[in-house]
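Residue numbers (this note's numbering): 671 to 804.
Beta carbons: idealized from backbone N, C-alpha and C, even for Gly.
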Amino acid sequence: MVPLNFGVDMEEKQLYLYFHCANQGKKLDLIRQNNKVTFEMDCEHNIILYDERMSCTMGYASVIGHGEIEFVDDDNKFKALKILMRHYHSEEFKFNTNLMKSTTVFRLKVLDMVGKRRNNIHPEEKTKRHITLE
Numbered sequence: 671m672v673p674l675n676f677g678v679d680m681e682e683k684q685l686y687l688y689f690h691c692a693n694q695g696k697k698l699d700l701i702r703q704n705n706k707v708t709f710e711m712d713c714e715h716n717i718i719l720y721d722e723r724m725s726c727t728m729g730y731a732s733v734i735g736h737g738e739i740e741f742v743d744d745d746n747k748f749k750a751l752k753i754l755m756r757h758y759h760s761e762e763f764k765f766n767t768n769l770m771k772s773t774t775v776f777r778l779k780v781l782d783m784v785g786k787r788r789n790n791i792h793p794e795e796k797t798k799r800h801i802t803l804e
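What follows is the structure, encoded as structure tokens:
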């Protein structure tokens with residue numbers, strides 16, 4: 671499992687996740703050996719405390735799936751990096767294109783995925799506290 675920043679894009683009903691890294695390293699060695707991957711993402715973590723019942727649970731959103739890694743060629747690298755940046759910041763962010771030479775960009779073609787969200791709302795509970803973990 672390797673944590674990565676990512677961008678999301680849809681092309682003709684096909685979902686892609688975009689990633690970037692240095693031009694060498696273990697991650698790239700593993701991808702070149704086998705481009706079939708499993709991915710997992712989770713967010714919206716919070717502890718939900720129920721004072722009256724003296725219990726607690728977790729809230730979250732998660733997705734897991736399978737896909738194939740495709741390397742992005744130099745002609746499409748700028749577009750792919752904009753997709754990645756758009757996920758975290760304005761698409762209009764200007765970055766130094768000279769740095770693209772030292773950056774490998776790849777995308778994950780999502781073949782299947784399933785997600786789950788749990789917010790644990792119990793309407794009968796009067797005293798409920800959310801403690802956000804992010």
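- Under DSSP, Arg788 shares a beta bridge with Tyr730.
- Contact annotation, Ile701 with Ile739: C-beta distance approximately 5 Å; criterion of less than 8 Å satisfied.
- Unbroken alpha helix (DSSP H) stretches of 4 residues or longer found wholly inside the segment 677 to 763: 696 to 703 and 744 to 758, given in chain order.
- Per the C-alpha coordinates, the member of His757, Glu762 and Asn766 positioned closest to Asp679 is His757.
- In this structure, DSSP gives Met783 an extended state, which the three-state scheme calls strand.
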